[in-house]
Amino acid sequence: MIPDINAKRLMNTFMELCSIDAESARERAMADHLTALLTGLGFAVTEDDAGARLGGNAGNLYATLPGTGLGETLLFSCHMDRVVPGCGVRPQIKGEYIVSDGSTVLGADDVAGLAAVLEGITLFREQGLPHPPLEVVFSVAEELSLLGIEQFDMEQLVSRCGFVLDAGGPVGEIVVKAPEQVRLSAVIHGRAAHSGIAPEEGISAIQIAATAISRMRLLRVDDETTANIGSIRADGPTNIVPDRCELSAEARSTDPARLAAQVAAMRQALEDATLTAGGRVEISVRSNYRSYQLDLNSAPVRRAEAAARSLGLPVRHRSTGGGSDANFFNECGIPTAVLCCGFEKVHTCQERMPVEQLTLLARWVAAILAGDEH
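Per UniProt numbering, the very first residue in the sequence shown carries number 1; after that it's consecutive.
Right under this line is the structure:
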């Protein structure tokens, strides 16, 4: 049996959570509030030291609740943080949408997930309905390239069926494929010289960077691969040929071979441009998170599909070009699907949450709790 949600309570929870300041690495108020809510539902809640490690003020929350019925342990996960400007949010209803006042983001990414998980579980607890054992992870610093979940101790998890509520797109869509992200950082060393008197004696680190970038394939590389230059830093006066330039870039792909080729090509462009100019370059490469592709017969996909169909929602499997906490859960052997939440225009002050999609998302969580994957 799938209980009907309390729409008024869901809306109040959503609006309340949006109103709590929770920019990345500043999630203390949100963590305290969610801890109180989870404890009130009967969860045992612990907080790790991710905040201290990252220079933030709150850690990841890990909550467990014994089952009252049969079934394997289920994992639900969302992130507590939001992008800047995310403080002083004043949520309001305009027509069919919840929006901010336009001076901040709304925070529906990922408050929609938080509110839906809380409402779904609350329904089962207050009505005494049987549910499987539950694990909940609410992470910090997700918007900072998943730094929060990277600090989380995955070994404490027992679930082998996970759901991360953190993607745009209509409720009912399931993300089953996501890329690996590699960060490339370079420090280019040239040679300083007076730019007006003896420019020939100088080697411009900025010019080397520009030459290298001009030789790179960037943005949409192919149907599975993207690459971008995020920043170039080289402060100095105009009368000195710059002898140092720092560059930050990334590449993503769902295909490991294509990703390796793209990173190698970007590295080669930097090395060739530097060698030709007579400079020197230091390059570091780091994988921030691994790609995954879920088997469509895996437990989370089957269970999410069955729940969506029970609500009459159209089911669609999709890939994404972005990472989420699910990348880490899957890498650690916990099959985890990302559920689309319906939020729109995220990471902008025009962010909005369709009221109908929020309601459907909470109903989807309840249906996942109630059903199985068959």
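No residue lacks a Cβ here, since even glycine has one placed at the ideal position from N, Cα and C. Bear in mind the structure is a predicted one, so any value in this text is a computation, not a measurement.
The C-beta distance from phenylalanine 138 to leucine 34 rounds to 6 Å, short enough to fall under 8 Å. Separation of the CB atoms of isoleucine 203 and glycine 278 is rounded to 6 Å, and the pair is thereby assigned contact status at 8 Å. Following the DSSP letters along the chain, one finds histidine 189 inside the beta strand (DSSP E) bounded by residues 180–189. Around the CB of alanine 198, fewer than 16 other CB atoms lie within 10 Å, so the residue is classed as exposed.
Taking 4 residues as the shortest admissible run, the segment 19–88 contains the following complete alpha helix (DSSP H) segments, listed from N- to C-terminal end: 28–40, 50–54.
With contacts defined by Cβ atoms closer than 8 Å, isoleucine 2 and alanine 308 do not form a contacting pair. Each of Asp81, Leu157, Phe14, Ala36 was checked against the Cα of glycine 56, and the nearest Cα belongs to Asp81. Under the rule that a run must span 3 or more residues, the beta strand (DSSP E) segments found entirely inside the UniProt domain "Peptidase M20 dimerisation" (187–273) read 219–222, 225–233, 244–253. Straight across, the Cα-Cα distance linking valine 111 with glycine 40 is about 19 Å.
Contact between phenylalanine 76 and valine 117 holds, with the beta-carbon distance rounding to 5 Å and staying under 8 Å.
Per DSSP, the continuous beta strand (DSSP E) segment holding glutamate 282 begins and ends at 280–289. Rounded to the nearest whole angstrom, the CA to CA distance from aspartate 49 to aspartate 166 is 23 Å. Of Arg217, Asp223, Met353, the smallest CA-CA separation from glutamine 268 is found for Arg217. Glutamine 92: member of the beta strand (DSSP E) spanning 92–94, first to last residue. DSSP places arginine 160 in no beta strand (DSSP E); its state is neither H nor E. Alanine 227 and phenylalanine 124 have their C-alpha atoms some 45 Å from each other.
Within 10 angstroms of the beta-carbon of aspartate 235 lie fewer than 16 other beta-carbons, which makes it exposed. By the neighbour-count definition (other C-beta atoms within 10 Å, threshold 16), alanine 366 is a buried residue. At a cut-off of 3 residues, the continuous stretches assigned as beta strand (DSSP E) that sit fully inside the segment 335–367 are 336–339, 352–354.
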